[in-house]
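Contents: one structure, followed by commentary.
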Amino acid sequence: MEMLDRLLSMMPVTGRLDVRCHFGAPWRIDHPESSEWELPYHILLRGEAVVECETGGEEEPTLRMKAGDIVVFPSGSAHRLHDGSGEAPRATRERHRNGLTVATNGSADANTDVLCGRFVLPAVPQQLLRGHLPRRLIVSSVTAVDGQTRDAAFAATRLARVIELMREEVLEQRAGSAAVVDHLSGALFALTLRSASEAGHAPRGLLALAQRHRLQPALAAMFDEPEKPWTLAQLADRCHMSRATFARHFDEAISRSASDVLTEIRMAMAGRKLAQTTMSVAEIGESVGYRSEAAFQRVFKRQVGMTPAKWRMRSSRIAEPGVRSS
Numbered sequence: 001m002e003m004l005d006r007l008l009s010m011m012p013v014t015g016r017l018d019v020r021c022h023f024g025a026p027w028r029i030d031h032p033e034s035s036e037w038e039l040p041y042h043i044l045l046r047g048e049a050v051v052e053c054e055t056g057g058e059e060e061p062t063l064r065m066k067a068g069d070i071v072v073f074p075s076g077s078a079h080r081l082h083d084g085s086g087e088a089p090r091a092t093r094e095r096h097r098n099g100l101t102v103a104t105n106g107s108a109d110a111n112t113d114v115l116c117g118r119f120v121l122p123a124v125p126q127q128l129l130r131g132h133l134p135r136r137l138i139v140s141s142v143t144a145v146d147g148q149t150r151d152a153a154f155a156a157t158r159l160a161r162v163i164e165l166m167r168e169e170v171l172e173q174r175a176g177s178a179a180v181v182d183h184l185s186g187a188l189f190a191l192t193l194r195s196a197s198e199a200g201h202a203p204r205g206l207l208a209l210a211q212r213h214r215l216q217p218a219l220a221a222m223f224d225e226p227e228k229p230w231t232l233a234q235l236a237d238r239c240h241m242s243r244a245t246f247a248r249h250f251d252e253a254i255s256r257s258a259s260d261v262l263t264e265i266r267m268a269m270a271g272r273k274l275a276q277t278t279m280s281v282a283e284i285g286e287s288v289g290y291r292s293e294a295a296f297q298r299v300f301k302r303q304v305g306m307t308p309a310k311w312r313m314r315s316s317r318i319a320e321p322g323v324r325s326s
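Okay, so the sequence shown: first residue is 1 according to full-length UniProt numbering, each after it adds one.
The following block contains the structure:
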């Protein structure tokens with residue numbers, strides 16, 4: 001998990017719990033498209049749910065959730081959860097207490113309990129994180145699963161503990177519960193990624209890359225010394241592999257070359273420095289391996305879609321993580 005540790009240290013993700021939905025059938029939760037800084041999530045505490053997501057005008061396959069599942073939408077796409085009956089949902093009402101919101105629909109048989117929130121990303125170029133996670137990610141916190149590895153069982157157990165703490169705080173609604181739940185949901189993001197990576201069938205991308213233990217020395221070098229002019233041979237040597245084997249492992253895991261990933265790491269680091277420091281563009285470029293300011297400006301614009309100066313101005317307008325930008 002060294003890569004995930006480094007990634008989340010560079011891009012600290014916080015959390016917000018928006019609402020607890022305590023419903024009886026028929027019910028439906030509609031979630032609009034999220035801002036580029038937010039990854040919506042839903043935790044099914046009790047009951048069952050159907051998840052639908054429409055992307056680019058094409059309907060994606062439905063997912064079915066069971067108690068203990070968490071679904072995350074790294075793409076931020078619009079989606080809905082419902083009971084699967086096909087009936088029109090009951091009207092809902094909300095009540096607020098100690099900073100927490102609970103939605104109910106007046107059903108005498110409220111057997112579905114869902115926590116709905118969002119993971120909030122910092123002002124860092126998002127390609128490295130969002131660009132290499134699946135559009136939808138569903139993870140179970142249930143440990144008694146056939147064929148589950150020891151690491152996967154440990155990861156699920158820790159995920160279940162955090163979810164249980166969140167559930168208790170939401171149910172009790174004591175003073176400070178909202179702040180506690182928000183902090184727990186920040187930890188939930190890291191535990192969800194860990195659990196997905198250790199499940200044994202991680203989707204191609206960051207999660208599969210984190211699972212490739214033999215590649216971790218090269219990834220550590222990229223994160224720890226981005227200013228060095230790393231070559232394929234040097235990175236392969238760190239992993240005690242031939243260049244061909246190293247390149248094949250990278251491609252199998254993330255469908256990108258090591259050079260591509262190194263560039264994305266450098267741009268993410270540069271974006272954070274632009275947002276958080278007063279270093280000049282040239283100094284920041286040099287700190288991530290670019291002797292030429294012009295070369296750095298060119299690569300940054302290609303990767304991020306805007307110049308370093310515009311990124312700095314834009315990120316400075318974000319008063320806090322998660323504020324929507326125009």
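C-beta: ideal position from N, C-alpha, C; glycine also.
Model, not experiment: these values are computed from the prediction.
In angstroms, rounded to a whole number, what distance separates the CA positions of residue i and residue j?
| i | j | result |
| --- | --- | --- |
| Ser-75 | Gly-176 | 31 Å |
| Ala-160 | Glu-172 | 18 Å |
| Gly-205 | Leu-8 | 16 Å |
| Asp-83 | Glu-54 | 18 Å |
| Pro-61 | Val-281 | 44 Å |
| Ile-265 | Glu-227 | 11 Å |
| Ser-257 | Gly-86 | 45 Å |
| Leu-315 | Ala-25 | Note on residue identity: the sequence assigns Ser, not Leu, to residue 315. Looking at the two C-alpha atoms, the distance is approximately 43 Å. |
Of the residues the options, which one's Cα is nearest the Cα of residue i?
| i | options | result |
| --- | --- | --- |
| Tyr-290 | Arg-130, Ala-270, Ala-208 and Gln-276 | Ala-270 |
| Arg-174 | Ser-242, Met-222 and His-96 | His-96 |
| residue 352 | Ile-265, Glu-169, Gly-117 and His-132 | The structure shown does not extend to residue 352, since the chain is modelled only from 1 through 326, so no value can be given for it. |
| Ala-78 | Pro-26, Arg-256, Ile-254 and Tyr-41 | Tyr-41 |
| Thr-92 | Glu-252, Gly-99, Phe-23 and Phe-300 | Phe-23 |
| Leu-235 | Glu-168, Ala-218 and Arg-312 | Ala-218 |
| Gly-68 | Met-166, Leu-209, Pro-308 and Gln-303 | Met-166 |
With H, G and I counted as helix, E and B as strand and the rest as coil, what does DSSP make of residue i?
| i | result |
| --- | --- |
| Arg-312 | helix |
| Ser-140 | strand |
| Thr-14 | strand |
| Leu-133 | coil |
| Glu-172 | helix |
| Thr-192 | helix |
| Lys-301 | helix |
| Lys-228 | coil |
| residue 332 | The requested residue 332 is not part of the displayed model; the chain covers only 1 to 326. |
| Asp-69 | strand |
| Pro-40 | strand |
| Arg-324 | Model confidence at Arg-324 stands at a pLDDT of 40, short of 50, so the residue's coordinates are unreliable and nothing is read from them. |
Residue i and residue j look like a contact to me (Cβ under 8 Å); what is the Cβ gap, rounded to whole Å?
| i | j | result |
| --- | --- | --- |
| Met-65 | Val-71 | 6 Å |
| Asp-113 | Gly-47 | 6 Å |
| Val-162 | Leu-121 | The pair is not a contact, with the Cβ atoms about 19 Å apart (cut-off 8 Å). |
Within 8 Å, do at least three Cβ pairs link the region 207-218 to the region 270-289? no
When you compare the region 36-44 with the region 96-110, are there three or more beta-carbon pairs, one atom per stretch, that lie closer than 8 Å? no
Validate contact between the region 16-32 and the region 124-137 using beta carbons, cut 8 Å, 3 pairs: no
How do the region 177-191 and the region 215-231 stand: do at least 3 beta-carbon pairs fall below 8 Å, yes or no? no
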